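J.:
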Amino acid sequence: MKNSRRKFLQSLGGGSALVAAGALSHNAHAKVIELSPEREPEKKYGANDKVRIATIGMGIIGHYDTETALKVAGTEFVAVCDLYDGRLEQAKTKFGKNLVTTRDYREILARKDVDAVLICTSDHWHSQIAIEAMNAGKHVYCEKPVVHKIEQGLGVIEAQRKTGKVMQVGSQRTSSIAMLEAKKVYESGTIGQLNMVVATYNRHSSGGAWQYSIPPDASPKTMDFDRFLGNAPKVAFDPTRFFRWRNYQDYGTGVPGDLFVHLISGLHFITGSLGPTRIMASGQLAYWKDGRDVPDIVSAIMEYPATDKHPAFQAVLQVNFVDGSGGQTKTQIIGSDGIIDIGWDDFTVKRSPLPKAPDVGGYDSLFTFTEATQKEFMKAYDAKYSKADREWKKLDDITYRAKEGYDDREDHFRNFFASIREGKPVVQDPAFGFRAAAPCLATNVSVFEKRIVNWDPVNMKMS
Ligand SMILES: NC(=O)c1ccc[n+]([C@@H]2O[C@H](COP(=O)([O-])OP(=O)(O)OC[C@H]3O[C@@H](n4cnc5c(N)ncnc54)[C@H](O)[C@@H]3O)[C@@H](O)[C@H]2O)c1
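Final position of the sequence shown in our numbering is 533; the numbers increase by one with none missing.
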């Protein structure tokens, strides 16, 4: 057991510094490993050497993403596009009066002083703006899920390939130091043979259920509602649809596209999987009956086929917006010898390998045999199995967690800008992003059409 523990620990390490890990090799009871990123010293960039960014969609995540991008050395924020004037005004107040503002993203794409755009609009605009931006010579950071419909995925991949621009998809946890460590643990074989993944993203609040605040000055004057609709069906001016777009299939992708996509991105990153081949799901609107046309509870079963990276396994995913426990996010990667139990930027390895010898005694048929047969059975059993063969090994749990204040979004943006400057590969290119999004969109198809959906994750096509 000591040897296998040492071997397991040796297989860790690499890119991250394992704070407090030193104690672990000497102390069998040490259980928590704090992870902190190893970063190269920041370079200084001159005024002519900045990556100039513009944000398209300055809503909630537009702020988070822009602020995070600006933490990376050598970035400059030059322009912003949004369809509600209050957000353009607030961006100027926050980021400086020289910020160029517009309601028309094409003006941003036409600017020579913009190198990269952050696309933070509602889902139904992602693929169109991403393709136009790359064709206009801009690098793209596009929020998940990149596509609103499965048919849009290959077009984005093709535009990136054709233009050679850098495109990173924004499911940031794939850059998390904890996910990198979980990947190493998975690849070390510690949990034995993978057979199942159980992932949940449960919430219990009105904000969590997407009932975001609507500004009292929302009007056809202060907002460009028609532009927001884009190719979606024409409807009369409705600020609720605009500010709570996730609640409508015409603009959002439901709980799968909003939240499953994070769970699946993490899963694909850790296991190296390309995706499931069969998706079956059920959804219901249980509580938030505010006019939305998407469920607030969704469960899906996805069948992942065996590949050279992993054996066949089942993934069971669930989102519940009415979780009276208060809600939680977790992903359990379950193997024959143990599991990786992931929160967000933390995970615990729990191990309970099966002994070599089969169970005998206790709730077993042995005692129902005659005394003579029991003796004969045990004689053969004792001859076959040593004491060690029968032992249930008690292995300590090990928790890994990113140090306090760690932000995976920052590492995701560092990776994006390193790719622009140094040609490093992005963690989440359009194919990765689409392969994570497609099973989510297939979940919606399964829910609404009440059928099993077949998906070809290699060629990224419905099958
Ligand atoms: N990676 C993450 O952790 C994460 C978290 C939250 C949201 N997101 C994603 O970010 C996106 C935005 O979510 P949000 O919560 O910020 O929404 P939001 O409603 O707060 O903001 C969206 C903004 O996009 C603008 N917009 C819509 N269409 C536009 C267009 N054609 N041109 C210019 N602006 C347009 C709207 O005016 C709005 O201000 C979604 O796709 C969501 O899935 C990602």
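The beta carbon of each residue, even a glycine, is placed where N, CA and C say it ideally should be.
Quick caveat: nothing in here was measured; it's all calculated off a predicted structure.
Counting only the same chain and skipping the five closest in sequence on each side, list residues whose C-beta sits under 6 Å from that of G345.
T.: R505, P509, P527
J.: Is the region 179-186 close to the region 208-216, with three or more CB pairs under 8 Å?
T.: A contact exists between the region 179-186 and the region 208-216.
J.: Quick one: give me the first and last residue of the beta strand (DSSP E) that V237 is part of.
T.: The amino acid occupying residue 237 in the given sequence is Met; Val does not appear at that position. Note, M237: beta strand (DSSP E), 237-239.
J.: Between the C-alpha atoms of Y115 and H338, what's the straight-line distance to the nearest angstrom?
T.: Taking the straight line joining both Cα atoms gives about 35 Å.
J.: Check whether the Cβ atoms of N390 and N529 lie closer than 8 Å to each other.
T.: no
J.: Should F504 be listed as close to ligand 2, given that the test is whether its C-beta is under 7 Å from any heavy atom?
T.: Ligands in the displayed structure: ligand 1; ligand 2 is not one of them.
J.: Starting from R231 and walking both ways along the alpha helix (DSSP H), at which residues does that stretch end?
T.: That run of the alpha helix (DSSP H) goes 223-233.
J.: Report all residues from its chain with a CB closer than 7 Å to the CB of I292; omit the five preceding and five following residues, and keep chain order.
T.: One point to set straight first is that residue 292 is Thr, not Ile, in the sequence displayed. Excluding sequence neighbours, T292 sits near Y154, D155, G156.
J.: Cβ atoms of K113 and A139: under 8 Å apart, would you say?
T.: no
J.: Using only the alpha-carbon positions, how far apart do Q222 and D320 sit?
T.: 15 Å
J.: Pop quiz: A501 and A385 are said to be a contact at Cβ under 8 Å. What is the actual Cβ separation, rounded to whole angstroms?
T.: No, A501 and A385 are not in contact; Cβ-Cβ is about 19 Å, not under 8 Å.
J.: Hey, how far is the Cα of K253 from the Cα of I403?
T.: Cα to Cα, K253 sits roughly 11 Å from I403.
J.: Compute the distance between the beta-carbons of L224 and K473, then report whether it is under 8 Å.
T.: no
J.: Give the straight-line distance between the Cα atoms of R173 and F298, rounded to the nearest whole angstrom.
T.: 10 Å
J.: Using the three-state DSSP reduction, which class does P111 fall into: helix, strand or coil?
T.: If DSSP states are grouped into helix, strand and coil, P111 belongs with coil.
J.: Taking S335 as part of the alpha helix (DSSP H), name the residues at either end of that continuous run.
T.: 331-341
J.: Which residues in the same chain have their Cβ closer than 6 Å to the Cβ of F330, if we skip the five residues on either side of it in sequence?
T.: Around F330: L387, C510.
J.: Is any heavy atom in ligand 1 found nearer than 7 Å to the beta carbon of E519?
T.: no
J.: Measuring only the C-alpha atoms, how far is E159 from G342?
T.: 43 Å
J.: Which residue comes first and which comes last in the beta strand (DSSP E) that contains R421?
T.: 416-421
J.: Could you pull out every residue in the same chain whose Cβ sits closer than 8 Å to the Cβ of Q444, ignoring the five residues on either side in sequence?
T.: L436, F437
J.: Spatial neighbours of V102 within its chain, please: C-beta separation below 6 Å, excluding the five flanking residues on both sides.
T.: T469
J.: With 16 as the cutoff for other CB atoms within 10 Å, does S197 come out buried or exposed?
T.: buried
J.: Is there at least one non-hydrogen atom of ligand 1 closer than 7 Å to the beta-carbon of W195?
T.: yes
J.: Note down the Cα distance separating P285 from R521, rounded to an integer number of angstroms.
T.: 40 Å
J.: Suppose the cutoff is 8 Å on Cβ atoms and the five residues either side in sequence are ignored; what does the same chain contact list for S533 look like?
T.: T347, N524, W525, D526
J.: So is the beta-carbon of E213 under 7 Å away from any non-hydrogen atom of ligand 1?
T.: yes
J.: From the DSSP secondary-structure annotation, give me the bridge partner or partners of F147.
T.: In DSSP, F147 forms a bridge with I123.
J.: Quick one: grab the DSSP three-state call for A98.
T.: Summary for A98: the model assigns pLDDT 48, below 50, so the residue's position carries little reliability, and this model does not support an answer.
J.: Return yes when at least one heavy atom of ligand 1 lies under 7 Å from the C-beta of C151, else no.
T.: yes
J.: Taking 7 Å as the cut-off, is the beta-carbon of F486 closer than that to any non-hydrogen atom of ligand 1?
T.: no
J.: Can you name the residues that DSSP bridges to A279?
T.: Paired residues: none, contrary to the question.
J.: Determine the contact status of G127 and T171, defining contact as a CB-CB distance below 8 Å.
T.: no
J.: According to DSSP, what are the bridge partners of G353?
T.: V368
J.: Grab the span of the alpha helix (DSSP H) containing R311 for me, first residue to last.
T.: 309-313
J.: Taking the runs of the beta strand (DSSP E) that are 3 residues or longer, which of them lie wholly in the region 178-209?
T.: 186-189
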